[in-house]
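J.:
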Amino acid sequence: MLLFIATPIVSVTVQSMFTPHEAVFLTVETCTPFKCTEETTIDQEATAALRAEQPLGRFVGLDIYLDRGHLAISEVGEAWASSQNWTEFLASLSNLPFYRAMSFTLVFIFTVTPMVIVLGLLIALAVNSIYARLRGVVIFFSLLPFVITPLIGALVLYWMIDSRGILGNLLQWMAGDPSLSLKASTGLMWVSLIVYGIWHAAPFAFVIFYAGLQTLPQDQMEAAQIDGASRLQRVRYVILPHLMPLVMFVTLIQLMDNFRVFEPIIGFNAEAHATSLSWAIFNDLGGETRQFSSAAATSVITIIGVAILLTPVLIRTWRDFRRKV
Amino acid sequence: MFVRKLVLAGVMTVLAGTSAMACGINARVSVVGNEFPAIQSVGAGAQECSGAEVTTNLTADHQKINVPGMQGNPAEYTSAIIANSSIVALMNEDVIRPLDDLVAKHGKDLKKNQLVTIDGKVMAVAFMANAQHLVYRADVLKQIGVEPPKTYEDMLAAAKMIRDKGIMANPVGGAYKAGWNLAQEFNNMFLGMGGSHFKSGSAQPNVNNEAGVKALTMMKSLSEYMNPDFLTHDSNATNAEFRAGNVAIMNMWGSRAATLVTADGVPQEVVDGFAIDGPMTAGGGAIPASTLWWDGWTVAKNISDAEAESTFIAMTHAIRPAILADSDVATQAVWLIDGYKPTPAAVGVFAAAEANTIPYPMLPYMGLLHTALGNELADFMQGKESAEQALADVEAAYVAAAKEKGFL
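Residue numbers (the numbering used here), protein chains in the order written: chain A, 1 to 325; chain B, 1 to 408.
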């Protein structure tokens, strides 16, 4: 267990503090089918010698964390000094990759998480009150969005909201604007991603809450009914307190999952409008020249971010636990 | 006596002929590469060899997997099909081997200009040339009464006429998807405007200047005549728009243009109107706003000599002159193979080469600048910031990455 958790963390932390050696350049004659030119290339022998001497590369400490691709300390300092007001400062912040990714990620987390919990609870209550023999079928269909592979689900929605897709066309008709495009506007793209996030995760919350509802003590419900509690009051004072540990559980999982939002950004081709830390790692590793140190630094920042997000929930759970003991 | 010699010579020729056709290998061959039609033909050609297993992995994501797949010892892939941009990553990581000995032994069918030599060593064998150039609908241009555009300024004028006459709402196509494609369109336009990516002889970026601003301004003007979703359209999506009859003029890869209208379900007027021409110039420049490319194959370093030899034999077999006898294969690309005669589909790439189009830079740090351009230009294209700001961001992002990789 320790091996599974500790090894990757140690590995990315070490990688994030080392970068490749200074490149040794050579100018050589390069002949292609078109012509021969003098071009710069890397001196492989000199590089091999450097690598043999220090296999990990150059030690740079926290430099990668502080550079423009990550926390961008000096750029943020400059933006602070040159901005007249908060709007200007935030505008220059959103121009830096890390803060641009964080602004979308935070909006995504704090809209999707509560919506998923509310919607999941509503579906669970609705399903629980329908005719028992229909439940199986309804549960099956409600679970579908969660069963579909996230990337495929995102692609399906992506083509539906295309300006020639069924949803995109419907929206154009409803708005009376034939040039309306969800994919061309940052705001609408964020809304689409958030709607996708809720659509995908609500069934997860539903299933958890539905399972919780099956353990609801019937005598308490009956007692509440005899006392004259309305349906709403029964939900508020009996069902919700009973489900509270499950709500905490779903919140915990959703905070973690949404912080690592990735598939919808790829599926929706949304990188021009919205990025996340996971997308940044993918981008660092996907270019023609791979940036391992940069990807590792972003990974460590992601781990720290998840830890910060979970702290309040974990502290609360710990207190509950202590109280019970 | 003479007759017997003649017969013998004839038999020898036939034997030599058949032994060149049949391709025998004795060790595994594993190929990774991109997935357009010409490369698929090459992959299938290598698989004709018998004696050992030949596997291919042709995917648009080839450059994400070729370096890791060749770094192991033994390497997973014995050959990577690459272009002048992607060979750099393999060179930087030192995962491909010089081919001089194998060329001497098995390369008699290869022409000298197919051999890509770096510092006197053959590092790749090129088999096709490629460039982006004009693809248009002759019927639509005839309808508005203009010649195929020679410059991007003419293209804008034609686009305006097509829209004003109500023929098409968004007549211009372009692979402007944020990321690699958008950066490549900038590279084309930037070189066409007289720009040069790096300060001479160094890894210092040189895009935040007049040529850069002019290139971005032109791209922005073009995008106003594109489908509003242009930042999500790669070349596949752009081709789909052309096939659907929604686009009349676009800058498209020669390797994809050749087979553009052969897909099922393309309307007849698109098939009939489809035409290609050389790349356009921009901003009064003499050099086309495009880049020249070659595609070729390499052999991995971390494999046994038997595997390297088998790989070389199989890949040479895949690009032997005889493949051009198949007319479908002959039209798939501008082949650099001996005996290739240009087909009508090749005029665009040939015009690009004749007009002295600049080859895509083969520099160790070009990949990082390309990535930075792809990430930072989308804000400008959406009108969120000025061209100068976007280019300053590109340079800052590139400098941070180049410092990390030890280039600066």
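Just so you know, even glycine gets a beta-carbon here, dropped at the ideal spot from N, CA and C.
It should be emphasised that the depicted structure is a prediction, and the values quoted were computed from it without experimental measurement.
Along the segment 155-179 of chain B, where does the CB come closer than 7 Å to a CB of chain A? Name the residues.
T.: 177, 178, 179
J.: Output needed for residue 224 of chain A: all residues of its chain with C-beta closer than 8 Å, excluding positions within five of it in sequence on either side, in chain order.
T.: 233, 234, 237, 238
J.: Closest to residue 54 of chain B by C-alpha separation, out of B:63, B:42, B:244, B:391, would be which residue?
T.: B:42
J.: Pick out whichever of B:115, B:125, B:122, B:162 has its Cα sitting closest to the Cα of residue 137 of chain B.
T.: B:162
J.: When you compare only the Cα positions, how much space is there between residue 157 of chain B and residue 151 of chain B?
T.: 10 Å
J.: Indicate whether residue 115 of chain A and residue 198 of chain A have their beta-carbon atoms separated by less than 7 Å.
T.: Yes; because the gap between Cβ atoms is below 7 Å, this pair is in contact.
J.: From B:121, B:276, B:211, B:300, pick the residue whose C-alpha is nearest to that of residue 132 of chain B; which is it?
T.: B:276
J.: Whose C-beta lies closer than 8 Å to the C-beta of residue 130 of chain A among residues of the same chain, with five residues either side of it excluded?
T.: Here residue 130 of chain A has 138 as same chain residues with Cβ atoms under 8 Å from its own Cβ, once five neighbours each way along the sequence are excluded.
J.: Could you say if the segment 262-275 of chain A and the segment 242-253 of chain A meet the contact criterion of at least three C-beta pairs nearer than 8 Å?
T.: no
J.: Strictly by DSSP, which residues pair up with residue 294 of chain B?
T.: B:129
J.: Given a cut-off of 7 Å on the beta-carbon distance, is the pair residue 348 of chain B and residue 278 of chain B in contact?
T.: yes
J.: Which one or two residues does DSSP pair with residue 80 of chain B in a beta bridge?
T.: DSSP output for residue 80 of chain B lists B:32 as bridge partner(s).
J.: With a 10 Å radius around its C-beta and 16 neighbouring C-beta atoms as the bar for buried, classify residue 145 of chain B as buried or exposed.
T.: exposed
J.: Let me check one thing: in DSSP terms, what residues is residue 275 of chain B bridge-paired to?
T.: B:136
J.: Touching or not, the segment 248-268 of chain A and the segment 306-320 of chain A, by the rule of three or more beta carbon pairs under 8 Å?
T.: yes
J.: Given a cut-off of 7 Å on the beta-carbon distance, is the pair residue 68 of chain A and residue 396 of chain B in contact?
T.: With respect to the 7 Å criterion, residue 68 of chain A and residue 396 of chain B are classified as neighbours on the basis of their beta carbons.
J.: Between the alpha carbons of residue 23 of chain B and residue 51 of chain B, how many angstroms are there, rounded?
T.: One C-alpha to the other measures close to 9 Å.
J.: Between the segment 290-303 of chain B and the segment 196-208 of chain B, do at least 3 Cβ pairs fall closer than 8 Å?
T.: no
J.: So is residue 15 of chain A in contact with chain C if we call contact Cβ pairs under 7 Å?
T.: Of the protein chains in the structure, A and B, none is chain C.
J.: For the segment 173-191 of chain A, enumerate the residues whose C-beta is nearer than 9 Å to any C-beta of chain B, in chain order.
T.: 178, 179, 180, 181, 182, 183, 184, 185, 186
J.: So, using beta-carbon positions, are residue 213 of chain B and residue 387 of chain B closer together than 7 Å?
T.: yes
J.: Straight-line CA distance for residue 134 of chain B to residue 61 of chain B?
T.: 26 Å
J.: Is it buried or exposed for residue 319 of chain A, if we count other Cβ within 10 angstroms and need 16 for buried?
T.: exposed
J.: If we call anything under 7 Å between Cβ atoms a contact, is residue 228 of chain B one with residue 245 of chain B?
T.: no
J.: Between which residues of its own chain and residue 36 of chain A is the CB-CB distance below 8 Å, once the five residues before and five after are set aside?
T.: 29, 30
J.: Might you give, ordered along the chain, the residues of its own chain that have their beta carbon closer than 8 Å to the beta carbon of residue 18 of chain B, omitting 5 neighbours on each side?
T.: Summary for residue 18 of chain B: the model assigns pLDDT 43, below 50, so the residue's position carries little reliability, and this model does not support an answer.
J.: Name, please, each residue of chain A whose Cβ falls closer than 9 Å to the Cβ of residue 113 of chain B.
T.: 31, 32, 33, 34
J.: Cα separation between residue 14 of chain B and residue 308 of chain B?
T.: Reliability of the predicted coordinates at residue 14 of chain B is poor, the pLDDT of 43 falling under 50, and no value is obtained from them.
J.: May I have a chain-ordered list of the beta strand (DSSP E) segments no shorter than 3 residues that lie completely inside the segment 322-349 of chain B?
T.: none
J.: What does DSSP give as the partner residue(s) for residue 58 of chain B in the beta ladder?
T.: Paired residues: B:33.
J.: Once you ignore the five residues that flank residue 115 of chain B on each side, which residues in its own chain have a CB closer than 7 Å to its CB?
T.: 103, 122, 125
J.: For residue 412 of chain B, which residues in the same chain have their Cβ closer than 8 Å to its Cβ, ignoring the five residues on either side in sequence?
T.: Shown here, chain B extends from 1 to 408; a query on residue 412 of chain B therefore has no answer.
J.: When DSSP labels each residue in this structure, what does residue 404 of chain B get in the three-state scheme?
T.: helix
J.: Just checking my contact of residue 369 of chain B with residue 390 of chain B at CB under 8 Å: how many whole Å lie between their CB atoms?
T.: By a beta-carbon distance limit of 8 Å, residue 369 of chain B does not contact residue 390 of chain B. Their separation comes to about 14 Å.
J.: Strictly under 7 Å for the Cβ-Cβ distance: is residue 42 of chain A near chain B by that measure?
T.: yes
J.: Need the endpoints of the beta strand (DSSP E) that residue 73 of chain A sits in, please.
T.: Where residue 73 of chain A is concerned, there is no enclosing beta strand (DSSP E), although the alpha helix (DSSP H) it sits in stretches over 73-82.
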